[in-house]
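Chain order of the listed sequences is A and B.
Read left to right, the first sequence gives residues 4 to 309 (my numbering).
Read left to right, the second sequence gives residues 4 to 546 (my numbering).
Note that the Cβ used here is the ideal one computed from N, Cα and C, for glycine as well.
The structure presented is a predicted model; accordingly, all values stated were derived computationally and were not measured.
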Amino acid sequence: MAAYVLRRLAALIASLWAAVTLVFFLFQVVPGNPALVMAGPSGNEQQIQQIERYLGLDQPIPIRYLDYLWGLLHGNLGWSVAYQNHLTGAILGHLPATAQLAVQAITLATLLGIGTGVLAAAHHGSWLDHLLLTVSVGGAAIPNFWLGLILIYLFAVQFQWVPIISSGSWTQSILPTITLALFPASLIGRMTRTGMLEVLRSDYVRTARSKGGSFARSLWRHALPNGLIPTLTVIGLMFGNLLGGSVVVETVFAWPGLGQLMLNSINLRDYPAVQATALLFAVLMLVVNLVVDLTYGVLDPRIRYD
Amino acid sequence: MTTAFDRAVWTRRQFLARGSAAGAGGLLAAATGLTPALAASRKRKTLVYAQSVVLNTVDPAGQELVYPGAQEASLVLFDTLLTFDKHLNLQPQLLVSSSVAADNQTWTLHLRKGVRFQDGTPFNADAVRTHALREQTNPTTGYPEWKTEYQSFNVVDDYTVQFVTKQPWGPIKRYWARVDGGIASPTATAKYGQDFGTHPVGTGPYKLESFNPGTSVTLSAFDGYWGGTPKLAGIEFRGVTEDQTRLDLLTSGEVDLIDNVPPDQAESVAKGRNTVLFNVPSLWSFYLELNQNNPIFQDVNVRKALNYAVDKKTLTEKLFSGYAKILSSPAPPGIPGAVSVGSYDYNPKKAKQLLAKAGWGKGPGEALHRAGKTLSFNLMTPQGQFPQDLQVAQTIQANLKAVGCDVKLKTVEAASFFALVKQPPSQAQYDTLFFGFNPSNGDVGYHLDSLFRSNPSTTQAPAIWNASWYRNAQVDSLFQEGDTTIDQTQRTKVLQQAQRLIWDDAPVVFLYVPNLLAGARKDVRGAFLWPTIFMSLHNATKS
C-alpha cells in the first residue's frame, strides 16, 4: 500500500509538470498581447515595449518558462495584469467561495443521486423507476444557465424567498447549489441504479435474503457498499469538476469563485490569471483522482494496490 | 412597496458599527437620545450598484482595464482637479482656478484650501505633485499623457502648483477632469505601495470600507468631506456580469442601480413599476473604416457611395431597438465642440451612381466590375468586443451587396482584435473594418485626432487608431493648431472646420453612437450617466 501511494505520488508530480508545461506553452500561442491591452487605446510603441519589459514579456520563451517554473516552486503563480498584484492572493481569495459551492453541491447531488438510484433499483421496472429515470435524463439535459435564470426569476424575483447576491447570508447559496447539483445528481442516480441492479442479482444478496434477512437490510447493508464503487468514481470526477468552479453558474449568480475569476480574466486578456486558474484546475483534477483511487480499497477490501 | 431585501433597513450589526465608530458620540447618544450627527447619519441609506464588470483595483494612476466600473468607483473615492457637469462642461473641484503664462506652457493651479484626504493627510501642492510624479513614473499606467505631454511639476507654495508642458497643449484641462485627475493621498501611496489599488485613499465624499477584489467594493460616507456631509451612508459596488441577473436584481429591489441594460430590455426597465431607465447618447462612435491603402477606397466617390449604401436607420432601429443615434459628423453628437455637418441618408440609387462615376460597371456576376476586376473586399469585425458587432457587420455586408459590392466577412476573436488593427500596412488583414472609439476625456480634439490624423509612418502600425489610413494635410494642420491652441473658442472653431473636411472626404462609413442605458429604482436621486460612459454618484441619494 505504502509503495503504491509513493508510486502514485511520483506519477502525480510528473503529471503536474506535464500540466504546467502544457499550460505555459498553450498560452504562448494564443493571440493577443497583454502589454497592448495595458497600454490602452492611446498607448504608443514605446509604452508597449516598456510594459513588455516590466512584465518580462521581452525575454525569450525558454527563459520565461524557467522563470515561471521557478516562481511556481516558490508559490508564485505570476503577476496579474488586472489585479496589479501577484496572483496567489487572487486565487486564494476566490477558492473558498468555489469550494463552499462544490462541497454543498456534491453533498446534495450525492444524497439525491444515491437516494433516487437505490429507490429506482429497488423498484426496478415499476412506474417509479421509469419516473425517476425520466427526471434524471431531464436533469442531465437542462442547461444550467437556463435553470439558474429560471430559479432566480421564480424564487428571488417573484416569491422573494431568497436573495440573489446579498453577501454573507447562506441563503444566497441555495439557488446556485441546486443549479450545480442537478447534473451530477442525475448522473450519480443513474450510476447507482445500474450498479445496484447488478449487485442485487448477485449470489450473496440472494443468500442474504434466503437466510431470512429483510429486503431493506440486504439492500442497504449488502448491496449498497458493493454497488457504489463505479458511482464513487463519478462522484470524485464530478467533485473535481465542481472544484474548478463553474463559469456559467458562478456568472449567473455573480458568485465570486474561480469560474468568475477565469471568465473575467479572459475578458480582460489577463493571460497570467487564466494560465494560473487553468493550472489550478489541472492540479485539483489530479489530486481528486488520486484520492478516489485510494478510496476504492476502503470500500472494497478485495481491491489490492500492488 | 418595500421588498424583502430593502437595504434601507439598518441591520443590528450595521447600527452597532456606526455607533462604535461614533465613539463618545455614541455614549452621549445613549444618555441623551441621539446627537444631531448620529440622527442625520441614521437617516442616510446605502446605495447598492450592480456593475457589469468586476472590480479588481481602483487607482487613478493605474489601469483602465475594468472599464467603466473601476472609474466610477474611483470618481467618488478621489475628487479630481476639475470635474464635468452632465453635458461634459468643466467645473471646479479640487482646483479653484488656473491660469497659463504667455508661453502657453506654464500653468499655475490654485488649489482649494481646507481639504483633507480620507486618512487625515492635508491636501496641498505637495500632494498634487506627488500624484503627478506617480502618474508619470508608473510603467503600467493607463494614462500615458502624464509621460508624453508634461515636462515638470513644481510646488510654488502650499496651495499653488505649477505644471509645465512640453508644448502648448489645448485639451489640457479636460484631462484634469478625467479619472487620472483624481489626487491620491501621498501618505497612503507611500504606505501601501503596489497594494494601493486595493487600499485607495482620496479626498472624495466616500471612503473605502472594504475591498474584495473580484467581488465587491464597499464605501462609506467620509464625514470630513470638504463639500459637506455626503448624502448616502455608503455605496456598495457589486460585480454582476450576467445581464439578466442584473435586471432581476433591480426588479427584486436587491440593488438600487444597474449599468449596461441590453437595448431589448430597456423598455421593460422604463415601464417597470419601481424602476426608471437612464438613457443617454454615448460618445462611443462606430465606423466602417475604409482602408485607403487599398486602391478601391482611394476614390472618394466609392467612399461616399458606401456611406449612402448603408441603411443606418434600419440598423439602429432593429439592432439597438432605436437606442442609438446616427452620426452627423465625424465626432459624436454629445461631445462639446461637435458640429452637425450633414447626413448620408440611405440612398442605394445614389450609391450606384457614385460607383458608376468611379468607373465600376456591370460585370458577368452580381458584383460590379472595373477593368476586369471585381468590386470585392473583406470586412473585418470582432465578435463580442462591441455591442452587436457581428450583427452590425452582417447588416452592412447585406447593404453593400445590394449596391454591387462582393463583401466577405472576416470575423476575429475579441482577444486578438486590437492587435490585428495595430498592424503595419503590409501586415494589415482588412479592407474594411468595423470599429468603435470612446473618448474618455470628452474632448473633441482627442477624438478626431485619435481616428483621423495621418499616421506618422507609412510602414509602421497606426500611431493611435487611424485604421482607415486617411491622409489629409489640411486636416492635419488643423489638428496641430487645435492641439496647441489654448483659447477654447478658437480651438472649437478650428476643430469644427476639420469635422467638415473629414465628413466630405468620407474616409469611413459614418455609423452611429449607441445610447448608454442604465436602470435605477425609483427612489434613487442625483445619479446620472456622463456621455463618457461613467455613472456619476457624487450627489446620489435615496429618498
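**Request:** Reducing DSSP to helix, strand and coil, say where Arg272 of chain A ends up.
**Result:** coil
**Request:** Report the residue from A:Leu271, A:Gly262, A:Thr137 and A:Asn267 whose alpha carbon sits nearest the alpha carbon of Leu283 of chain A.
**Result:** A:Gly262
**Prompt:** Thinking just about the alpha-carbon of each residue, which of B:Thr206, B:Arg249 and B:Gly345 is nearest to the one in Pro125 of chain B?
**Reply:** B:Thr206
**Request:** At 4 residues or longer, and completely inside the segment 124 to 191 of chain B: list those alpha helix (DSSP H) runs for me, N to C.
**Result:** 128 to 140, 148 to 151 and 175 to 179
**Request:** Decide yes or no for the touch test of the segment 503 to 510 of chain B against the segment 313 to 329 of chain B: beta carbon pairs closer than 8 Å, at least 3 of them.
**Result:** By the Cβ rule, the segment 503 to 510 of chain B does not count as touching the segment 313 to 329 of chain B, because fewer than three pairs are nearer than 8 Å.
**Prompt:** Who are the Cβ neighbours of Pro39 of chain B in its own chain at under 7 Å, not counting the five residues just before and after it?
**Reply:** Unreliable placement is indicated for Pro39 of chain B, whose pLDDT of 43 sits below 50; the coordinate value is still reported in the next sentence. For Pro39 of chain B, where only same-chain residues beyond five positions count, there are no Cβ hits under 7 Å.
**Request:** Closer than 7 Å by beta-carbon distance: list the chain A residues that pair up with Thr254 of chain B, in chain order.
**Result:** Those within 7 Å of Thr254 of chain B in chain A are Val160.
**Local conformation of Pro179 of chain A per DSSP, three classes** = helix
**Asked** What residues from chain B crowd round Val255 of chain A, counting only those whose CB sits closer than 7 Å?
**Response** Glu245 and Thr248
**Asked** Bridge partners of Asp409 of chain B, per DSSP?
**Response** B:Ser379
**Item:** chain C contacts from the segment 195 to 213 of chain A (Cβ-Cβ distance under 9 Å)
**Value:** The question asks about chain C, but that chain is absent: this structure's protein chains are A and B.
**Request:** Return the bridge partner residues of Gln94 of chain B from the DSSP annotation.
**Result:** B:Thr86
**Prompt:** When the Cα of Pro428 of chain B is compared with those of B:Arg456, B:Val158 and B:Ala464, which residue comes out closest?
**Reply:** Nearest C-alpha to Pro428 of chain B: B:Ala464.
**Asked** Under the three-state reduction of DSSP, which class applies to His372 of chain B: helix, strand or coil?
**Response** strand
**Secondary structure, beta strand (DSSP E): runs of 3+ residues fully inside the segment 321 to 370 of chain B** = 327 to 329
**Request:** Return yes when the Cβ of Val79 of chain B is within less than 8 Å of the Cβ of Leu253 of chain B, no when it is not.
**Result:** no
**Prompt:** Mapping DSSP to helix, strand and coil, what is Gly522 of chain B?
**Reply:** strand
**Asked** Is Lys425 of chain B helix, strand or coil when you go by DSSP?
**Response** coil
**Prompt:** Is the shortest distance between the beta-carbon of Gly72 of chain B and the beta-carbons of chain A less than 8 Å?
**Reply:** no
**Item:** Boundaries (first-last residue) of the beta strand (DSSP E) holding Tyr70 of chain B
**Value:** First-last for Tyr70 of chain B: undefined, no H or E at that position.
**Asked** Between which two residues does the beta strand (DSSP E) containing Lys274 of chain B stretch?
**Response** Looking at the DSSP string, Lys274 of chain B is not in any beta strand (DSSP E); the run it does join, the alpha helix (DSSP H), is Pro266 to Lys274.
**Item:** Completely contained beta strand (DSSP E) runs for the segment 453 to 521 of chain B, where each covers 3 or more residues
**Value:** 511 to 513
**Request:** Go to Tyr433 of chain B, then tell me how far its alpha helix (DSSP H) extends in each direction, as first and last residue.
**Result:** Here Tyr433 of chain B belongs to no alpha helix (DSSP H), and DSSP marks it neither H nor E.
**Asked** What is the DSSP secondary structure of Arg47 of chain B, counted as helix, strand or coil?
**Response** Assignment of Arg47 of chain B by DSSP, reduced to helix, strand and coil, places it in the coil class.
**Request:** Would you kindly check if the distance between the Cβ of Thr113 of chain A and the Cβ of Ile191 of chain A is under 8 Å?
**Result:** yes
**Message:** Run through the DSSP bridge pairs and tell me what His113 of chain B is partnered with.
**Reply:** B:Ser100 and B:Thr163
**Item:** Exposure of Trp149 of chain B, with buried meaning 16 or more beta-carbon neighbours within 10 Å
**Value:** buried
**Message:** Looking at the secondary structure, which residues open and close the alpha helix (DSSP H) in which Gly141 of chain A lies?
**Reply:** Trp130 to Ala144
**Request:** Verify the CB distance criterion: does Gln54 of chain B have a CB-CB separation below 8 Å to chain A?
**Result:** By this cut-off, Gln54 of chain B is not an interface position.
**Asked** Which residues of chain A have a Cβ atom closer than 8 Å to the Cβ of Glu257 of chain B, listed in chain order?
**Response** Correct list: Ala159, Pro166, Ile167, Ile168 and Ser169.
**Prompt:** Just how far apart, CA to CA, sit Pro265 of chain B and Thr319 of chain B?
**Reply:** 14 Å
**Inside the segment 53 to 78 of chain A only - alpha helix (DSSP H) runs reaching at least 4 residues** = 64 to 76
**Prompt:** Expressed to the nearest angstrom, what Euclidean distance is found between the alpha-carbon atoms of Val290 of chain A and Leu15 of chain A?
**Reply:** 8 Å
**Prompt:** For Ala401 of chain B, does the count of other Cβ atoms within 10 angstroms reach 16, so buried, or fall short, so exposed?
**Reply:** exposed
**Asked** Looking at Gly217 of chain B and His97 of chain A, is the spacing between their C-beta atoms short of 8 Å?
**Response** yes
**Prompt:** Taking Cβ positions only, does Met265 of chain A come closer than 8 Å to chain B?
**Reply:** The beta carbon of Met265 of chain A sits no closer than 8 Å to any beta carbon of chain B.
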